[in-house]
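Counting in this note's numbering, the sequence shown runs from 366 upward without gaps.
Written below as structure tokens is the structure these notes are about.
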Amino acid sequence: MRVTGLIRVLAVIGTLVATWLFLRSYHNFNRRNIRLPRWLGMATQEIRAPKTKCGLSKPCPDNFFAFKICSGAANVVGPSMCFENEIIMSPVKNNVGRGLNIALVNGTTGQVLRKDSFDMYSGDANLLVRFLAEIPEGTLVLVASYDDPGTKMNGQIRKVFADLGSSYAEQLGFRDSWVFLGAKDLKGKSPFEQYLKNNPNTNKYEGWPELLELEGCVPRKVF
Ligand SMILES: *[C@@H]1O[C@H](CO)[C@@H](O)[C@H](O)[C@H]1NC(C)=O
Numbered sequence: 366m367r368v369t370g371l372i373r374v375l376a377v378i379g380t381l382v383a384t385w386l387f388l389r390s391y392h393n394f395n396r397r398n399i400r401l402p403r404w405l406g407m408a409t410q411e412i413r414a415p416k417t418k419c420g421l422s423k424p425c426p427d428n429f430f431a432f433k434i435c436s437g438a439a440n441v442v443g444p445s446m447c448f449e450n451e452i453i454m455s456p457v458k459n460n461v462g463r464g465l466n467i468a469l470v471n472g473t474t475g476q477v478l479r480k481d482s483f484d485m486y487s488g489d490a491n492l493l494v495r496f497l498a499e500i501p502e503g504t505l506v507l508v509a510s511y512d513d514p515g516t517k518m519n520g521q522i523r524k525v526f527a528d529l530g531s532s533y534a535e536q537l538g539f540r541d542s543w544v545f546l547g548a549k550d551l552k553g554k555s556p557f558e559q560y561l562k563n564n565p566n567t568n569k570y571e572g573w574p575e576l577l578e579l580e581g582c583v584p585r586k587v588f
């Protein structure tokens with residue numbers, strides 16, 4: 366009796382020790398496996414890190430929409446717009462053009478209503494006048510310039526953009542860079558705007574200023 370009891374106790378202890386040894390070596394094996402290829406470990410960490418919408422540096426609070434707007438680079442690379450992590454206009458989507466690229470978004474739901482590009486160098490400015498006149502209340506307006514947003518610009522169009530909250534539409538000219546987010550019933554000026562004048566002394570590219578990037582969180586309109 367005593368001997369079988371002792372054997373049982375020893376067997377239990379042996380199993381525990383074997384389990385512990387196994388777990389320890391397994392653990393070490395795992396850790397070593399992750400540690401050895403350092404670059405792979407870093408890549409895994411990057412994948413695991415929570416990505417923000419549109420790649421913003423900080424996530425937006427609840428009831429805010431994330432957006433990022435990039436103007437075109439010279440007359441070479443087209444502009445792009447991201448809204449709530451969706452690329453809505455870009456060269457890859459093949460829905461951008463020289464001039465002004467404009468997307469309309471429902472300020473409550475974040476749903477994209479319309480997007481279009483307007484040739485402001487050789488196009489018909491009346492197309493843009495008509496487009497702007499049909500913007501419904503409570504709509505967010507995202508704008509990105511590409512190549513030349515200024516040649517066909519007129520007072521009527523400047524006034525609509527100013528009413529949407531733009532501070533720079535008044536002076537927008539030939540080959541300026543401009544990115545803007547405004548709203549139909551905005552009272553006052555939008556904080557979301559960047560502008561660079563085409564100036565041969567400061568231009569980044571020959572004939573064009575630097576491209577502009579605008580990102581932020583715009584509050585959802587709650588009725
Ligand atoms: C935006 O969405 C709200 C809620 O669905 C709707 O009531 C409103 O009519 C929409 N506005 C536009 C301009 O689509």
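For each residue, glycine too, the CB sits at the ideal point set by N, CA and C.
Being a predicted model, the structure only gives us computed values, none of them experimental.
| Asked | Found |
| --- | --- |
| Under 8 Å between the Cβ atoms of G520 and S555? | no |
| Starting from Q521, trace the alpha helix (DSSP H) both ways and give me its first and last residue. | 520-528 |
| Just curious, the beta strand (DSSP E) that L579 is in, first and last residue? | 578-584 |
| Given this structure, state the Cα-to-Cα distance separating R396 from C425, to the nearest angstrom. | The pLDDT assigned to R396 is 44, lower than 50, so where the model puts this residue is not dependable; a value taken from the coordinates is nonetheless given after this. One C-alpha to the other measures close to 35 Å. |
| Indicate whether F448 and L497 have their beta-carbon atoms separated by less than 8 Å. | no |
| Do V583 and F483 come within 8 Å of each other at the CB atom, strictly closer than that value? | no |
| Once DSSP output is grouped into helix, strand and coil, what is the label at N471? | strand |
| For T473, which of F545, K549, W573, L537 has the nearest alpha-carbon? | K549 |
| Within its chain, find whatever has a CB closer than 6 Å to the CB of D489; leave out the 5 residues flanking it on each side and keep chain order. | none |
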